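Below: the structure, in structure tokens.
There are 2 protein chains.
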Amino acid sequence: MINIDEAVEAIRARDHYSAFAESPSPRVYGEGAAEVGRAAFDALLGTDFAVSTPGAGDRVSPEVSPYGLTLAVAYPRVAADAIDELITGAVAGTHRWRDAGPRHRAEVCVAILEALHARVFELAHAVMHTSGQAFVMAFQAGGTHALDRALEAIAYALAAQEFHPATATWTKPGRKQDLVVEKAFTPVGRGLSLLIGCNTFPTWNSYPGLFASLATGNPVIVKPHPNAVLPLAITVQVCQQVLAENGFDPHLVTLAVERPGDGLAKDLAVHDAVKLIDYTGGNEFGDWLVDNARQAVVFAEQAGVNAVVIDSTDDVDGMINNLAFSLALYSGQMCTTSQNLFIPADGIDTDQGRFSPSDVGLALGRAIDELLGPDEKAVELLGAIVNTQIPTLTERARSYGEVLVESRGLTPPAFDQAVIRTPSLILVDEDSTAYEQECFGPVTFVVSTSSTQTSIHQFIATVTKRGAMTAAIHSTSDEVLAAMREAALDVGVALSENLTGGVYVNQSAAFSDFHGTGANPAANAAYTDLAYVANRFHVVQSRR
Amino acid sequence: MINIDEAVEAIRARDHYSAFAESPSPRVYGEGAAEVGRAAFDALLGTDFAVSTPGAGDRVSPEVSPYGLTLAVAYPRVAADAIDELITGAVAGTHRWRDAGPRHRAEVCVAILEALHARVFELAHAVMHTSGQAFVMAFQAGGTHALDRALEAIAYALAAQEFHPATATWTKPGRKQDLVVEKAFTPVGRGLSLLIGCNTFPTWNSYPGLFASLATGNPVIVKPHPNAVLPLAITVQVCQQVLAENGFDPHLVTLAVERPGDGLAKDLAVHDAVKLIDYTGGNEFGDWLVDNARQAVVFAEQAGVNAVVIDSTDDVDGMINNLAFSLALYSGQMCTTSQNLFIPADGIDTDQGRFSPSDVGLALGRAIDELLGPDEKAVELLGAIVNTQIPTLTERARSYGEVLVESRGLTPPAFDQAVIRTPSLILVDEDSTAYEQECFGPVTFVVSTSSTQTSIHQFIATVTKRGAMTAAIHSTSDEVLAAMREAALDVGVALSENLTGGVYVNQSAAFSDFHGTGANPAANAAYTDLAYVANRFHVVQSRR
Numbered sequence: 009m010i011n012i013d014e015a016v017e018a019i020r021a022r023d024h025y026s027a028f029a030e031s032p033s034p035r036v037y038g039e040g041a042a043e044v045g046r047a048a049f050d051a052l053l054g055t056d057f058a059v060s061t062p063g064a065g066d067r068v069s070p071e072v073s074p075y076g077l078t079l080a081v082a083y084p085r086v087a088a089d090a091i092d093e094l095i096t097g098a099v100a101g102t103h104r105w106r107d108a109g110p111r112h113r114a115e116v117c118v119a120i121l122e123a124l125h126a127r128v129f130e131l132a133h134a135v136m137h138t139s140g141q142a143f144v145m146a147f148q149a150g151g152t153h154a155l156d157r158a159l160e161a162i163a164y165a166l167a168a169q170e171f172h173p174a175t176a177t178w179t180k181p182g183r184k185q186d187l188v189v190e191k192a193f194t195p196v197g198r199g200l201s202l203l204i205g206c207n208t209f210p211t212w213n214s215y216p217g218l219f220a221s222l223a224t225g226n227p228v229i230v231k232p233h234p235n236a237v238l239p240l241a242i243t244v245q246v247c248q249q250v251l252a253e254n255g256f257d258p259h260l261v262t263l264a265v266e267r268p269g270d271g272l273a274k275d276l277a278v279h280d281a282v283k284l285i286d287y288t289g290g291n292e293f294g295d296w297l298v299d300n301a302r303q304a305v306v307f308a309e310q311a312g313v314n315a316v317v318i319d320s321t322d323d324v325d326g327m328i329n330n331l332a333f334s335l336a337l338y339s340g341q342m343c344t345t346s347q348n349l350f351i352p353a354d355g356i357d358t359d360q361g362r363f364s365p366s367d368v369g370l371a372l373g374r375a376i377d378e379l380l381g382p383d384e385k386a387v388e389l390l391g392a393i394v395n396t397q398i399p400t401l402t403e404r405a406r407s408y409g410e411v412l413v414e415s416r417g418l419t420p421p422a423f424d425q426a427v428i429r430t431p432s433l434i435l436v437d438e439d440s441t442a443y444e445q446e447c448f449g450p451v452t453f454v455v456s457t458s459s460t461q462t463s464i465h466q467f468i469a470t471v472t473k474r475g476a477m478t479a480a481i482h483s484t485s486d487e488v489l490a491a492m493r494e495a496a497l498d499v500g501v502a503l504s505e506n507l508t509g510g511v512y513v514n515q516s517a518a519f520s521d522f523h524g525t526g527a528n529p530a531a532n533a534a535y536t537d538l539a540y541v542a543n544r545f546h547v548v549q550s551r552r
Numbered sequence: 009m010i011n012i013d014e015a016v017e018a019i020r021a022r023d024h025y026s027a028f029a030e031s032p033s034p035r036v037y038g039e040g041a042a043e044v045g046r047a048a049f050d051a052l053l054g055t056d057f058a059v060s061t062p063g064a065g066d067r068v069s070p071e072v073s074p075y076g077l078t079l080a081v082a083y084p085r086v087a088a089d090a091i092d093e094l095i096t097g098a099v100a101g102t103h104r105w106r107d108a109g110p111r112h113r114a115e116v117c118v119a120i121l122e123a124l125h126a127r128v129f130e131l132a133h134a135v136m137h138t139s140g141q142a143f144v145m146a147f148q149a150g151g152t153h154a155l156d157r158a159l160e161a162i163a164y165a166l167a168a169q170e171f172h173p174a175t176a177t178w179t180k181p182g183r184k185q186d187l188v189v190e191k192a193f194t195p196v197g198r199g200l201s202l203l204i205g206c207n208t209f210p211t212w213n214s215y216p217g218l219f220a221s222l223a224t225g226n227p228v229i230v231k232p233h234p235n236a237v238l239p240l241a242i243t244v245q246v247c248q249q250v251l252a253e254n255g256f257d258p259h260l261v262t263l264a265v266e267r268p269g270d271g272l273a274k275d276l277a278v279h280d281a282v283k284l285i286d287y288t289g290g291n292e293f294g295d296w297l298v299d300n301a302r303q304a305v306v307f308a309e310q311a312g313v314n315a316v317v318i319d320s321t322d323d324v325d326g327m328i329n330n331l332a333f334s335l336a337l338y339s340g341q342m343c344t345t346s347q348n349l350f351i352p353a354d355g356i357d358t359d360q361g362r363f364s365p366s367d368v369g370l371a372l373g374r375a376i377d378e379l380l381g382p383d384e385k386a387v388e389l390l391g392a393i394v395n396t397q398i399p400t401l402t403e404r405a406r407s408y409g410e411v412l413v414e415s416r417g418l419t420p421p422a423f424d425q426a427v428i429r430t431p432s433l434i435l436v437d438e439d440s441t442a443y444e445q446e447c448f449g450p451v452t453f454v455v456s457t458s459s460t461q462t463s464i465h466q467f468i469a470t471v472t473k474r475g476a477m478t479a480a481i482h483s484t485s486d487e488v489l490a491a492m493r494e495a496a497l498d499v500g501v502a503l504s505e506n507l508t509g510g511v512y513v514n515q516s517a518a519f520s521d522f523h524g525t526g527a528n529p530a531a532n533a534a535y536t537d538l539a540y541v542a543n544r545f546h547v548v549q550s551r552r
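Given below as structure tokens:
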């Protein structure tokens, strides 16, 4: 059983903490657990998914697996004329949920996580076959780590709501007699919450907002990306089951699936009843939400240009291997993958002599090849390319500079329907404009600069303009490290310093690392801090 | 010396807590303290006020005292072409302020409060002669209670920033060896903060935002209401002195005074550098800020229609006397003064028999007269009318219904230049539209309804549409109390129940009562909760 108070302690201590074991090994999850989960996933294929969506009419099966598997899972579709019925149904259980109070809400939310955890292998296959993540990554990032992020959000929600007591006696000493007033403080949800999911991390990027809103008393409509419905459909199904088991309206969490092109997210986002929106995705729609969904508080994670400033190192092998892993993982399709490696044109000092920008790029290419191994192994790290635009973008990037490392297409027999690509490295000059905006997918720019000082300057310029979820520095100089820390504080981006071991710039650990800061254009919020939860409820007082 | 940790405990406990004694008595503040403060205030009149505002050019003396006193204090004026220089100066000290860290910032902020407290009599006269508050009220609401609200905001800011440790060691157990990462978490201010003050409560309504922003690492430009500059000028002067004494840039807090009609607040509010805005005032400009200052987070307290639902009472004298005081205080010019008294047409049960709506109104009129006493005493409760529109509005309100109690103009000899008015009570029917919007000043509507149920219904309808800072209920029925509590939670307004003693619906105590909720149109934020501070800074992390 998960102890929510331990989780609350963990968000404050920020040491390692996890409630969900990340290894899918039978030693951890038991013999046969993986097979049962796989069978449960297989059993969903080609069926009508069991979830209750008020107002839904016909069914829709929008998903295409990046691995070529035909999912053909049919979900209730919410057409434009069904939105009011959906919203009426979604908010119907709000009072009872409010009256349950913060702690009981947290307990029910934790029960949802435990029920989801019981289906983590099934969930992992759903994430794998919608996002294109490799299985182990889908199990971790899409399963156990997503559950940890959810628990973290629930812990913040509880801590923020319990920051004030539910009741207090106020006694003001008086000359004749004391003034005594009994007071009650009730956290009340801001209102209906809309979650707009993304394709690459349908659970990891959705769970914080979903559970932060639910735990603070708000009903949540879950609107998945049309290509990544199943992981969130399973999630909503479990939410509905556990809510009902605990005597709450299952429609406190609902699934709203559209036929591609319906524009459902827009219609929902500007509805008067929607007071909170959590969004992960491209800038265009994110900016549209912020500009148009004025009745709601919008938490948006958008695109950025993540950067690594490479100045010097006393462990060039460690640095190269660490960077190689971070670039290869999920073919660079993480919002945290480094895009720009800033390296002085005259090279960097290392324990193996001087490395020019090209030397670094070529060493990275060799390290990636070695890391990936044969094609049938490589796919376990690379996963599949999530959408058809990415190979085009990757191909186009070749023209932006000198191709140091080509992106190769792999076709291991077991995944002959998938598009699988290795990372590419393109050498560009600091004057190039190519690296100044996000180039999503397996493309990294080695940016040759006139000095480390210029590298930091370009890091500041690009992140100020386009934002970043991550930044890293490699340097043996205390002055350079201090300058980069100052720069990272100025532009408001999390900084990783001299990572050469088993911690990677593109991975953030729940309960310890903040994902995003809210302080630069890549995201206006962080997973998870007080600002992420404090605006999701109000405190309404009474006194007598 | 103020103990900030005690203040942090107090915001969590919500019992009575105050760091600044509210009685101006010589027994508390010492013989002669009042006279010294008055002399300090007098010495300011007709002088150039000593405050440093980068970019300021000529001087301007915009204030007219509601009591007729000629202030003629001249402040540096910020013209439109000086804004960039002001902003450059305001942000120059940000890095050093950030690097000081949350606790040292809190200590410096507390030192500012202590220095302000040392000038509290001077400050009280400044508040009195700009807002029109009577002296004792100006001393309390404008002085000690404002300082308590400031300390409360500093305590929240510190608690929110110290919610996470400054550094942590992350140790993830590994099979071969543990993964160990050293992490640092730095609260970084969101950016330049703009405070737009109001006329009626130049300090009480400004201090929470000013100190919440400053304590979370943000420089603050203080833009006072043109009629109420002096209290905030003294405040900025003290901020600059204490900041400089502690080695910080005094321009972290600056005073921006305009010539009436300059439109300075608008120009500042939409400047790219401004990331936070605190505003108290009318709906028109508040709505404009929210719509146009899109680069900033706007905390706005606007107008509302505060309500009292009167159903029954077992202490009609206590109820009437309590209501009478709350209506008379500052001639109803508080944002928390009740405007609408909803009473069933067939009357209410009391310990003295049945009271019709007219009976309640007439009893209130008698109680107000008795409370006020002779004119020279009455002014000590009523204060002066803050602006020339109010008598016009009060006169106009006479036509909306039956005048139960006339607003009288008083002319005590000592204040022969002031406009002083007693509260009026106008009987209207529930179908009237007069009471559905704010009628600022000494006007209260007795709304005759078909039943208490209708009263609650109209309370919900008016507050949903126009908002409210306060609500109250008088009832001996548990069912009615429960229904009203539910209604108050639904519309998101703080509720006072059966107040018959020395606690008044329009007064809220720092550290215990939340002023506003953020959940209805009267205000989008509360003084003070976590949401009020959590968005004023970001946490930026580094790890190695």
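For the protein sequence lines, the chains are A and B, in the order given. Sequential numbering of the first sequence, starting at 9, is according to the working numbering. Sequential numbering of the second sequence, starting at 9, is according to the working numbering. All C-beta atoms, glycine included, are put in the ideal place defined by N, C-alpha and C. Treat the numbers as computed from the prediction; the structure is a model and nothing was measured.
| Asked | Found |
| --- | --- |
| Please identify the residue among A:A311, A:Q461, A:V144 whose C-alpha is closest to the C-alpha of G449 of chain A. | A:A311 |
| Counting Cβ pairs closer than 8 angstroms, one from the segment 531-540 of chain B and one from the segment 351-367 of chain B, do we hit at least three? | no |
| For N300 of chain A, count the other beta carbons within 10 Å of its own beta carbon; 16 or more makes it buried, fewer makes it exposed. Which is it? | exposed |
| Closer than 8 angstroms, CB to CB, is H112 of chain A near chain B or not? | no |
| Can you tell me where the beta strand (DSSP E) with G479 of chain A in it begins and where it stops? | Per the sequence shown, residue 479 of chain A should be read as Ala rather than Gly. A479 of chain A -> beta strand (DSSP E) spans 479-482. |
| Looking only at C-alpha atoms, which of B:P352, B:P216, B:L202, B:D270 sits nearest to D280 of chain B? | B:L202 |
| For D417 of chain B, which of helix, strand or coil comes out of DSSP? | It is Gly, not Asp, that sits at residue 417 of chain B in the sequence shown. Residue state, collapsed to three classes: strand. |
| Provide the residue span of the beta strand (DSSP E) that contains A192 of chain B, from first to last. | 187-197 |
| Does DSSP put G24 of chain A in a helix, a strand or coil? | Per the sequence shown, the amino acid found at residue 24 of chain A is His instead of Gly. H24 of chain A falls in the coil class under three-state DSSP. |
| So that I know if they touch, is there some Cβ in chain A lying closer than 8 angstroms to that of V86 of chain B? | no |
| R46 of chain B to F129 of chain B, Cα distance in whole Å? | 6 angstroms |
| Does any residue of chain B bring its CB to less than 8 angstroms from the CB of G312 of chain A? | no |
| Residues in the same chain with beta-carbon distance under 8 angstroms from G355 of chain A, minus the five sequence neighbours each way, listed in chain order, please. | R362, F363, S364, P365, D367 |
| Taking a contact to mean a Cβ-Cβ separation below 8 angstroms, would you say P239 of chain A touches T262 of chain A in this structure? | no |
| So is G526 of chain A buried or exposed if we call it buried at 16+ other beta carbons inside 10 Å? | buried |
| Which ranges would you report for the alpha helix (DSSP H) in the segment 285-325 of chain B if only whole runs of at least 4 residues count? | 291-300 |
| Check distances from the C-beta atoms of the segment 468-479 of chain A to those of chain B and list, in chain order, the residues that come in under 7 angstroms. | none |
| If we count the other Cβ atoms within 10 Å of its Cβ and call it buried at 16 or more, is K184 of chain B buried or exposed? | exposed |
| For the alpha helix (DSSP H) containing D357 of chain A, list its first residue and its last residue. | Segment 356-358 is the beta strand (DSSP E) holding D357 of chain A; no alpha helix (DSSP H) there. |
| Measure the beta-carbon distance from L335 of chain B to L372 of chain B and round it to whole angstroms, keeping in mind my assumption that it falls under 8 angstroms. | 7 angstroms |
| Let's see if you can read the secondary structure: which residues bound the beta strand (DSSP E) around A29 of chain A? | Per DSSP, A29 of chain A belongs to no beta strand (DSSP E) and is neither H nor E. |
| Output the distance between the C-alpha atoms of T508 of chain A and H125 of chain B, rounded to the nearest integer angstrom. | 54 angstroms |
| Does the Cβ of A58 of chain B have 16 or more other Cβ atoms within 10 Å, making it buried, or fewer, making it exposed? | exposed |
| Excluding the 5 residues preceding and the 5 following D186 of chain A in the sequence, name in chain order all residues of the same chain whose CB lies nearer than 8 angstroms to its CB. | T179, K180 |
| Which term fits T430 of chain B, buried or exposed, when burial requires 16 or more other beta carbons within 10 angstroms of its beta carbon? | buried |
| Just list the beta strand (DSSP E) runs in the segment 222-280 of chain A, keeping only unbroken ones of 3 residues or longer that don't cross its boundaries, in chain order. | 228-231, 261-263 |
| Under a three-way DSSP split, which group does Q341 of chain A fall into? | coil |
| Roughly how many angstroms lie between the CA atoms of V394 of chain A and V451 of chain A, to the nearest whole one? | 14 angstroms |
| How would you label R374 of chain B, buried or exposed, when you count the other beta carbons within 10 angstroms and need 16 or more for buried? | exposed |
| Please name the residue or residues paired with R551 of chain A in a DSSP beta bridge. | A:K191, B:S504 |
| Please state whether DSSP places V68 of chain A in a helix, a strand or coil. | strand |
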